[in-house]
Amino acid sequence: MFDLDTWQEIVQTMRRNKLRTTLTAAGVFWGMFMLMVMLGFGDALERGTKRGMGGFATNAVYIWGQRTSLPYKGFQPGRSIDYNNADAAAVKREVDGIEYFAPRNQLGGYQDGNNVGRGAKTGNFQVMGDMPDMRFIQPMEMVHGRFLNDLDVQRHRKVAVIGNTVYEVLFQNGEDPVGQQITINGVSFMVIGSFKSAMPGDRGERQAGTIHIPFSTFQRAFNYGDRVGWFAITGDADASATQVEAHVRAVLRNRHSIHPDDSQGIGSYNSEKDFEKMSNLFWGIRLFVWFVGTATLATGLVGVSNIMLIVVRERTKEIGLRRALGATPFSVVSLVLLEATVLTGIAGYSGLIGGLALLQIVSVVIGPDNPSMGQPRVDLVVAFGAGFILLLGGFFSGLLPAQRAVNIKTVDALRAD
Amino acid sequence: MIRLENINKFYQVGGKPLHVLKELSLTIETGEYVSIMGSSGSGKSTLLNILGILDDYDSGNYHLGGTLIRDLSETQAAQYRNAYIGFVFQSFHLLPFKNAIENVALPLYYRGISRKERNVTAMDFLDRVGLADRAHHLPSELSGGQKQRLAIARALISEPRIILADEPTGALDTTTSDEVMQVIEAVNASGITVIVVTHEQDIADRTSRIITLRDGAMAVDG
């Protein structure tokens, strides 16, 4: 079956109808090509987006105070909820499964700029009162010095860690900021470190324009008393962020006498939910890609099947003659099946290679650091798995025509003049 | 060599059975040179198909070289055809995309003989029909007579016991016909049974026995 003669026959028949063979092959080629390209770009989009969340903990919970909407225990609705150090201590004590815990304060309103200066240089930056754990919740890369530590917080040290945008504005390029003084709203702080954001895009830029000072120092220096703006928390490996979120809310609700059904008193955000939503979205995209890709391929295979039917019909006389000369049904079937499989295989694998090549080119053009897109690529196992299934498809697309070929009556075939 | 006993054959034509061969009995000995004549519709093509194991029959017995040919699987039929019978057709039925030597060698391909051996044998048979110098020509580059001689070489290469020729000269002019018939007669002289289906009296006259069919039954035998 796999001798040279059989292959010669296949090549000969394909050559006899170059245009038709090419067009048929084009269908399969296109299907495979599109499948690879779509898989690649789906993957690129997914990795790009995930990198956009970049290192940003996927199990982070943020909890802040809002106004209540239900009366409870003698309190009127519309009461504003504010947190303090006692709340922070209680949450840390009572909630299980917390890995990193960081009560935070921000100077001024949310994302509001402040007057920061060093000598003649000034700038508007976001100033945060933070715990040492914060660097694990919003990952950063230290460029100079270090981040805040527990002693800074315990001793109310007037120290600051600055983002690289802050560094660029207040310092000369190459200058070591560690040990230098800056003023925030007129209060002097010593810089102990500078960092680069580990996140790309807007979020990274915002982080780069931030100054972190010890949480305790913040409360004291800016007259915040024992107020806590909000909490940033991550669950540990065993606890889901959703569980932690619910537990923290319960503790705070209890402490602040908020109605259990009040959805308004406590505001919270849970990155796990977003992450899940996004995972689902990409799962959906992948499903769609496979659906469209395989449907396109299937159309190509139907084309192969059709063409093989035509080929068999055209070669009725030839097949009849071969039978008269002693061709067994098996040899006729294998000729048709092999031709369908070879045609599909060549076209499909060309599409596969073509698709992968295009992805490679796009990869090089995009480069590894594109903010919105990862480099598109397809898992080779997936690619060649698809190729193998395609070959099977080619084989099956030949079955019906092969059946037709075998049913040709030698007598009728030779007489059909 | 060939023994037909009470062969009946029906075709379904428009839902109605058409009785094509009626109780046909016939014996052909080894080495005979026989022609089958008959007007169109007399059943001569059908008879040829049954003899060539290209078609089956509805009742009766067909013995070929002592073997009962009945209810064969397609694969068995293919093997018998390959081993016993060489076909020559009116319209040659050469594969247009294969050259002369490949066309001649085709039956040996189905016998599983290696390409090298096939080609040596095919060359020998091409030489016998005087086409050795055309070995690498495509059928389209050959004349009608050459094509038919090529087809005869193809029929002979499997060293069959019987040559079945269906209007072998039907597509040829008189001179070429004579040429082809001479080749066929030489084949017969070598001891192979030859059965020629024809409607040309002068072709039939060259054979040693003329069987005439009329309406699916034997009309004249002699």
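Those sequence lines, one after another, are chains A and B. Residues in the first sequence are numbered from 1 upward in steps of one, following the working numbering. Residues in the second sequence are numbered from 1001 upward in steps of one, following the working numbering. A virtual CB, placed ideally from N, CA and C, is assigned to each residue, including glycine. On a predicted model such as this, the values are computed, not experimentally measured, just so you know.
Alpha carbon of residue i to alpha carbon of residue j, nearest angstrom
i        : j        : result
R286(A)  : T341(A)  : 27 Å
I408(A)  : V312(A)  : 9 Å
V1188(B) : A405(A)  : Per the sequence presented here, residue 1188(B) reads as Asn, with Val not at that position. Near 35 Å, if we compare the C-alpha coordinates of A405(A) and N1188(B).
L321(A)  : R1214(B) : 28 Å
N85(A)   : M36(A)   : 55 Å
Y62(A)   : D202(A)  : 19 Å
F1045(B) : A324(A)  : According to the sequence displayed, residue 1045(B) carries Ser and not Phe. Taking the straight line joining both Cα atoms gives about 15 Å.
A232(A)  : F101(A)  : 6 Å
R377(A)  : L352(A)  : 12 Å
L1054(B) : T410(A)  : 6 Å
V302(A)  : K1009(B) : 40 Å
D176(A)  : S271(A)  : 36 Å
V1034(B) : L1026(B) : 12 Å
F125(A)  : R253(A)  : 33 Å
E141(A)  : D133(A)  : 14 Å
T1075(B) : Y1110(B) : 11 Å
A1153(B) : S1114(B) : 18 Å
I266(A)  : A160(A)  : 30 Å
W7(A)    : K18(A)   : 16 Å
M128(A)  : V364(A)  : 40 Å
M308(A)  : A1171(B) : 32 Å
Cβ distance (whole Å) where residue i is taken to contact residue j below 8 Å
i        : j        : result
P368(A)  : Q360(A)  : In fact, because the Cβ distance is near 13 Å, the residues do not count as touching under 8 Å.
L343(A)  : A25(A)   : 6 Å
R146(A)  : G193(A)  : 5 Å
M1001(B) : G1086(B) : Rounded, the Cβ-Cβ distance is 14 Å, inconsistent with contact.
G398(A)  : L356(A)  : In fact, because the Cβ distance is near 26 Å, the residues do not count as touching under 8 Å.
M131(A)  : F215(A)  : 5 Å
G1144(B) : T1176(B) : 6 Å
G163(A)  : F189(A)  : Wrong, their Cβ atoms sit about 14 Å apart, outside the cutoff.
A1078(B) : A327(A)  : 6 Å
Residue-level contact to chain A via CB, residue i, 8 Å cutoff
i        : result
F1125(B) : no
Q1148(B) : no
E1074(B) : yes
Y1110(B) : yes
A1078(B) : yes
R1161(B) : no
N1049(B) : yes
N1099(B) : no
N1119(B) : no
I1081(B) : Residue 1081(B) is actually Arg in this sequence, not Ile. Interface residue, yes.
Residue closest to residue i, alpha-carbon to alpha-carbon, out of the options
i        : options                                   : result
Q138(A)  : A90(A), I366(A), N59(A) and E276(A)       : N59(A)
A298(A)  : L170(A), A88(A) and L390(A)               : L390(A)
R15(A)   : R1118(B), A1165(B), K1022(B) and F1097(B) : F1097(B)
T68(A)   : E99(A), V61(A) and I81(A)                 : I81(A)
A1135(B) : S1143(B), A1122(B), G1145(B) and G1144(B) : A1122(B)
P1160(B) : G1145(B), L1108(B), L1024(B) and A1132(B) : L1108(B)
I1162(B) : Y1011(B), G1031(B), L1026(B) and L1024(B) : G1031(B)
D238(A)  : D96(A), W30(A), F396(A) and K92(A)        : D96(A)
R1070(B) : E1005(B), E1200(B) and Y1057(B)           : Y1057(B)
G174(A)  : V143(A), E9(A) and V191(A)                : V143(A)
S1091(B) : V1013(B), A1083(B), R1003(B) and L1150(B) : L1150(B)
T242(A)  : L39(A), I98(A), G393(A) and A89(A)        : I98(A)
V28(A)   : G354(A), V362(A) and I258(A)              : G354(A)
Per-residue contacts from residue i into chain A (C-beta, under 9 Å)
i        : result
F1089(B) : L321, A324 and L414
P1107(B) : L325 and G326
Under 8 Å from the C-beta of residue i: neighbouring residues of chain A
i        : result
F1010(B) : Per Cβ cutoff of 8 Å: no residues; F1010(B) is ~14 Å from chain A at best.
Neighbour list for residue i in chain A, Cβ cutoff strictly below 7 Å
i        : result
D1055(B) : V411
Under 7 Å from the C-beta of residue i: neighbouring residues of chain B
i       : result
E318(A) : L1095
R313(A) : The contacting residues do not exist; R313(A) stays about 17 Å from chain B at best.
Cβ of residue i within 8 Å of any chain B Cβ
i       : result
S331(A) : yes
R404(A) : no
D43(A)  : no
L343(A) : no
L4(A)   : yes
Q360(A) : no
Q375(A) : no
R16(A)  : yes
Any non-hydrogen atom of the ligand NAD closer than 7 Å to residue i Cβ
i       : result
F218(A) : The ligand NAD is not part of the structure shown, which contains no ligands of any sort.
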